[in-house]
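Please read the structure below before turning to the comments.
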Amino acid sequence: MRFLFLSLFFLFSCSGEVPKGVLPPKKMEAVLYDVIRADEWVDFASLQDSTFRKFSKRTALYDSVFRLHSISKDDYRKSMSFYQGRPDLLKEILGSLKAKSDTALKRLNDTTKHL
183 MRFLFLSLFF LFSCSGEVPK GVLPPKKMEA VLYDVIRADE WVDFASLQDS TFRKFSKRTA
243 LYDSVFRLHS ISKDDYRKSM SFYQGRPDLL KEILGSLKAK SDTALKRLND TTKHL
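Per our numbering: the sequence shown ends with 297, consecutive numbering throughout.
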């Protein structure tokens, strides 16, 4: 009986589906892309201005990202918690983000070569 329970638990915990209330992988990828860009902007701006209020600016930018994607902070937190518990799915999302970033960087490098 214990083996059956563990087998069923493992089977359902490894399914590729996300539970209700969790952002689907493509939407999570889009949200994470904008969250990371917001973080990078805040970090860069704080290097330029020692009076820059990182926490309040980061919070405001996160709120803007959530509004842009029509989600709440709780939706994001719940989804992030789910994906952190599913490294296989998070790895796919982060891999897609890296590919998108690499493509943008290559495009930028190609553009600046001609200057």
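Yeah, the Cβ is synthetic: ideal placement off N, Cα and C, and Gly gets one too.
Ranked by how close their Cα comes to the Cα of serine 283, the residues Val200, Glu211 and Pro206 have Glu211 in first place. In the assembly as shown, leucine 205 is a buried residue. Its beta-carbon has 16 or more other beta-carbons within 10 Å. With contacts defined by Cβ atoms closer than 8 Å, aspartate 216 and leucine 250 form a contacting pair. Where leucine 272 is concerned, the enclosing alpha helix (DSSP H) starts and stops at 269-295.
By the 16-neighbour rule on beta-carbons within 10 angstroms, serine 246 is exposed. Short of 6 Å from the beta carbon of serine 261, and not among the five residues preceding or following it, lie these beta carbons of its own chain, in chain order: Val204, Leu205 and Met210.
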